[in-house]
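Q:
In my numbering, the protein residues as written are 8 to 163.
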């Protein structure tokens, strides 16, 4: 996921301030994900779950990222694709529902863990976090395809 982010930043960085800010948010989300998952360099020494504040912080960044996508970025990208022609518009219309499906998984994760520190609920945390990581990776691929559709094929 981090290498995909680096590729996206190299490819589209500086092309639009909104995209730059969104990719920076993606980077923060990925760093927080790695931290609560215990990936290097954030290895968990005792394999303990992250504390509730770390989980809440991650969930807040996750919600910020999702919100930025849905309420600031996608509409602008889809509208720009529609202006560029029917093929771009069609691709945008195909990708958006698939991106929205990933939102449901992320919202479910947030609802389950953002305010819940009960041990019984936290038993599923590692499994749910892993599933969320897979879903986020899929989401990033779809988002990148949407951005690439606009910038690589249709910039003036």
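Glycine included, each C-beta is placed from N, C-alpha and C at the ideal position.
All figures in this text were calculated on a predicted structure; none of them were measured in a lab.
Three or more C-beta pairs under 8 Å: does that hold for the stretch 83-94 against the stretch 114-132?
A: Too few Cβ pairs lie closer than 8 Å, so no.
Q: With DSSP collapsed to three states, give me the class of residue 140.
A: Residue 140 falls in the helix class under three-state DSSP.
Q: Taking C-alpha atoms, which residue in 154, 118, 155, 149 lies nearest to residue 67?
A: That would be 118, whose Cα lies nearest to the Cα of residue 67.
Q: Which residue from 59, 86, 69 puts its Cα closest to that of residue 37?
A: Here the closest residue by C-alpha is 69.
Q: Report yes or no: is there a C-beta of chain C within less than 9 Å of the C-beta of residue 80?
A: Checking the listed chains, one finds no chain C in this structure; it contains a single protein chain.
Q: Exposed or buried, what is residue 55 when buried is set at 16 or more other beta-carbons lying within 10 Å of its beta-carbon?
A: Its Cβ having fewer than 16 others within 10 Å, residue 55 is exposed.
Q: In chain order, which continuous runs of the alpha helix (DSSP H) of length 4 or greater are located wholly inside the stretch 94-148?
A: Runs of the alpha helix (DSSP H) inside the stretch 94-148: 126-129.
Q: Do you know offhand how far residue 141's Cα is from residue 153's?
A: Looking at the two C-alpha atoms, the distance is approximately 19 Å.
Q: Go ahead and pull the three-state DSSP assignment for residue 58.
A: In the structure shown, residue 58 sits in coil (DSSP, three-state: anything other than H, G, I, E or B).
Q: Note down the Cα distance separating residue 107 from residue 32, rounded to an integer number of angstroms.
A: About 18 Å.
Q: Hey, residue 99 and residue 84: beta-carbon distance below 9 Å or not?
A: Yes, Cβ-Cβ distance for residue 99 and residue 84 is below 9 Å.
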